[in-house]
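K.L.:
Shown below is the structure under consideration.
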Amino acid sequence: MIQKFFFITILFICFKAESQNNTDTEVEDHSIATQLYTKCFENLNQGSEIFEKYPSLKSVKFCDLLTCSYLLSYDELDVKIAGEKRLIEIATQLYREGTPVYLVMGMQSYLNAQMKNQNLEDDNHLVYISYGECTNPSHLIKAAEIINKQTMFLINQASK
7 MIQKFFFITI
17 LFICFKAESQ
27 NNTDTEVEDH
37 SIATQLYTKC
47 FENLNQGSEI
57 FEKYPSLKSV
67 KFCDLLTCSY
77 LLSYDELDVK
87 IAGEKRLIEI
97 ATQLYREGTP
107 VYLVMGMQSY
117 LNAQMKNQNL
127 EDDNHLVYIS
137 YGECTNPSHL
147 IKAAEIINKQ
157 TMFLINQASK
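First residue of the sequence shown: 7, per my numbering; consecutive thereafter.
Structure, rendered in structure tokens:
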């Protein structure tokens, strides 16, 4: 009797685990905003010498906006400076490619960004990227400020 109960319990657990593995409910975001937020720029060299000093940084490719934003969370000033330089360079390269980015946060920011990105021919071809809703860590807020400042600087410089 105990063996039968054990077998039925295991069968039920396996069935339950498989039913939760439904690929129809998985949502993948292939939006332009997500593509640009995670676009890797292999040609970055700002801070490469600093990454050699810290073993934990050697194994990560800091080549996109998302991962470079995390460099601002480190306590070490040289790592933060390297992160800032990389964010500025990525924002510049995206601008030169014709896809300047502007990071937004706040209530409904994902939906607002999605709506604004439906027409990329308006407002200087900006691609809006939502990086969070109401609360965000300070390093992400700082990263957004750096990126947005560089993007607006380039747009304003071009309009002169």
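Even glycine gets a Cβ: it sits at the ideal position worked out from N, Cα and C.
Quick caveat: nothing in here was measured; it's all calculated off a predicted structure.
Whole angstroms are fine: how far does the CA of T105 sit from the CA of K86?
P.N.:
One C-alpha to the other measures close to 25 angstroms.
K.L.:
Find the nearest neighbour of L132 within the set D70, S144, A88 and E103, judged by alpha-carbon distance.
P.N.:
Considering only alpha carbons, the answer is E103.
K.L.:
In its own chain, which residues sit with a C-beta less than 6 angstroms from the C-beta of N130, not counting the 5 before and 5 after it?
P.N.:
I161.
K.L.:
By Cβ distance below 8 angstroms, which residues in the same chain neighbour I147 in space, the five residues on each side in sequence not counted?
P.N.:
For I147, where only same-chain residues beyond five positions count, the Cβ hits under 8 angstroms are M111.
K.L.:
Ends of the beta strand (DSSP E) at Y137?
P.N.:
That run of the beta strand (DSSP E) goes V133 to G138.
K.L.:
Taking 7 angstroms as the cut-off, decide whether the C-beta atoms of L50 and E90 are in contact.
P.N.:
In this structure, E90 does not lie closer than 7 angstroms to L50 by Cβ.
K.L.:
Could you tell me whether the Cβ of Q114 comes closer than 7 angstroms to any Cβ of chain D?
P.N.:
In summary, chain D is missing from the structure at hand, where a single protein chain is found.
K.L.:
Go to M111, then tell me how far its alpha helix (DSSP H) extends in each direction, as first and last residue.
P.N.:
Careful: M111 lies outside any alpha helix (DSSP H), inside the beta strand (DSSP E) at V107 to M111.
K.L.:
If you draw a straight line from the C-alpha of T29 to the C-alpha of L78, how long is it?
P.N.:
With a pLDDT of only 47 at T29, under the threshold of 50, the placement of this residue in the model should not be trusted, and no figure is reported.
K.L.:
Taking contact to mean 3 or more Cβ pairs, one atom from each stretch, closer than 8 angstroms, check whether the segment 147-159 and the segment 64-83 are in contact.
P.N.:
Because the criterion of three Cβ pairs below 8 angstroms is met, the segment 147-159 and the segment 64-83 touch.
K.L.:
Quick one: residues in its chain with C-beta nearer than 8 angstroms to the C-beta of E58, no 5 flanking neighbours on either side, listed in chain order?
P.N.:
For E58, where only same-chain residues beyond five positions count, the Cβ hits under 8 angstroms are K64.
K.L.:
Assign T157 to buried or exposed, taking buried as 16 or more other Cβ atoms, counted over all protein chains shown, within 10 Å of its Cβ.
P.N.:
By the neighbour-count rule (16 or more Cβ atoms within 10 Å), T157 is buried.
K.L.:
Which residues mark the beginning and the end of the alpha helix (DSSP H) in which N154 is found?
P.N.:
Here the alpha helix (DSSP H) through N154 covers S144 to A164.
K.L.:
What's the C-alpha gap between D128 and S165?
P.N.:
Those two C-alpha atoms are separated by around 15 angstroms.
K.L.:
Would you tell me roughly how many angstroms separate the C-alpha atoms of Y134 and P143, rounded to the nearest one?
P.N.:
Cα to Cα, the separation comes out at about 19 angstroms.
K.L.:
Could you tell me the boundaries of the alpha helix (DSSP H) in which C74 lies?
P.N.:
Per DSSP, C74 belongs to the alpha helix (DSSP H) from L71 to Y76.
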